[in-house]
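J.:
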Amino acid sequence: MYGTPCFFWKRARLPFFLEPWACYARGVCSQSSRQSTSSARPATSASREFELTSICKTQHREETMDTITIRMPDDFHVHFREGELLRRLAYLVAQQFGRAIAMPNTLNPPIRTVDDAIPYRDEILMHSGNGFQPLMTLKLYPDTTPEVVRGAHAAGVVAVKYYPEGVTTNAEDGVSVGRLSELYPAFEAMQDIGMLLLLHGEMPGVFCLDREAAFLEVLRRLCSDFPGLKIVLEHITTAGAVEAVYTLPATVAATITLHHLELTLDDVIGDKIMPHNFCKPVVKRPQDREALCYAVTSGNPKFFFGSDSAPHPICAKECAEGCAGVFTAPVAMPRLMEFFETLGCLTKLDPFVSQFGAEFYGLPLNQGTLTLVREPWIVPVEYAGVRPYLAGRTIIWRIAE
């Protein structure tokens, strides 16, 4: 059902700005292919180590790599939900990540002030275990004032999230694109104090495959009007978005999800309907997936990991009007490890999940580590009544006990 990542770059011609990355990708994959085909089982040799980052070393034993330790990663886009789902699923994020951005639309009503954010942060902490740090956000509303922004920032809220009206879960009361100029005082305050603006980059009322492309002009306008404001275009899905982020100033970055790296629209509606692969923004064309793969393996610090893990009960997905969201939390780091290993780009994993996002947010790098071991396991078919990404599939890496 899912394409093999190492063959992505053989299928389509890329935009000009991605060609250097394509050359790099072809090189590492060709090298990996030569190594794998030269001998089914290479001769046994003494254990050897190589550096992934200043703290990341991988052991090679005989013909295979059994363990990898990286800096504790961060997830810059998570939907923790509330109530029973929060209580039973938050640990899945905390066991793999040192920090995670908590999206503000996950509650009903959403988080709009610091008085909403702090109790929600405390609830996440209660159910996520020691050492984990949720990073809180506000949802942008017409009444989000500079005072609201400054008060939230003083209390530790790191960002404000903009959802165009009606584009995703709990966005029915979002701010219309036509009224964004009314929020310019708030954006100016955010620019002054160093608070980030996160964008759900889809234009309402546009054909679903073209919504992200149509929104890019809004991104460019905000970047021009607020040159000092840090902006993150969330969960990008298209080659056009990769190009926009790549060419805009250093104040603009993007998160990329695991499932958008692996899926295309065929994996949702190409054969049978696969409701648990349905998300917003919807997964796109093969050439868009290819562009995302180049972005995450390029070493460009503008692109970093945000899972957009979004659990919904099975009954809310397998129904006449199913909810959007892919629940990737149980498999996030093991599957990313498998993905980067398949590409022959293991040196790119640690910066993508542990460095670039933290640096863009102005956060210190995590001091802890995460170890993954090569132990195949079958993904459970459900967690707390939620079907995870790759349910029933075998993943060859797991989080070490």
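In my numbering, the protein residues as written are 3 to 403.
Glycine included, every Cβ here is placed at the ideal spot set by N, Cα and C.
If we ignore side chains and look at the alpha-carbon of each, how far apart do G242 and F228 end up?
T.: 22 Å
J.: Select from M339, G207, A216 the residue whose C-alpha is nearest the C-alpha of L260.
T.: M339
J.: Buried or exposed: which applies to C281, given that a residue is buried once 16 or more other Cβ atoms fall within 10 Å of its Cβ?
T.: Answer is buried; the Cβ neighbour count reaches 16.
J.: Of the choices T266, E245, Y391, whose alpha-carbon is the least far from that of S311?
T.: Y391
J.: Terminal residues of the continuous beta strand (DSSP E) containing R222?
T.: Note, R222: premise wrong, no beta strand (DSSP E); alpha helix (DSSP H) at 213–227.
J.: Compute the Euclidean distance between the alpha carbons of V285 and L267, then round it to the nearest angstrom.
T.: 5 Å
J.: Which residues does DSSP list as the beta-bridge partners of K163?
T.: K141, L200
J.: So, for T371: in the same chain, excluding its five sequence neighbours on each side, which residues have a beta-carbon less than 7 Å away from its beta-carbon?
T.: Within the same chain, Cβ atoms closer than 7 Å to the Cβ of T371 are found at I57, T71, I72, R73, M74, the five residues on either side in sequence being excluded.
J.: If you check the beta carbons only, do K319 and P277 fall under 7 Å apart?
T.: yes
J.: Run the CB neighbour count on T389, radius 10 Å, all protein chains shown included, and call it buried at 16 or more, exposed below.
T.: Reading off the sequence shown, one finds Arg at residue 389, where the question assumed Thr. Classification for R389: buried.
J.: Kindly identify the DSSP beta-bridge partner or partners of F307.
T.: I258
J.: The beta strand (DSSP E) that contains E377, what's its start and end?
T.: 371–380
J.: Tell me whether the beta-carbon of L235 lies closer than 7 Å to the beta-carbon of L221.
T.: yes
J.: Since F78 is in the beta strand (DSSP E), which residue starts that stretch and which ends it?
T.: 76–80
J.: Check for me: the beta strand (DSSP E) holding L182 runs from which residue to which?
T.: No beta strand (DSSP E) holds L182; DSSP gives it neither H nor E.
J.: Roughly how many angstroms lie between the CA atoms of V80 and F305, to the nearest whole one?
T.: V80 and F305 have their C-alpha atoms roughly 16 Å apart.
J.: Once you ignore the five residues that flank A411 on each side, which residues in its own chain have a CB closer than 6 Å to its CB?
T.: No answer is possible for residue 411: it lies beyond the span of the chain, which begins at 3 and ends at 403.
J.: Can you look up M105 in the DSSP assignment and give me helix, strand or coil?
T.: coil
J.: So what does DSSP say about Q289, is it helix, strand or coil?
T.: helix
J.: Around the C-beta of E214, are 16 or more other C-beta atoms found within 10 angstroms, so that it is buried, or is it exposed?
T.: By the 10 Å Cβ count, E214 comes out buried.
J.: So, E84 versus L109, is the Cβ gap smaller than 7 Å?
T.: yes
J.: Ignore the nearest five residues each way along the sequence and tell me which others in L218's own chain have a CB closer than 8 Å to its CB.
T.: G203, G242, A243, A246
J.: Secondary structure at T69, three-state DSSP: helix, strand or coil?
T.: strand
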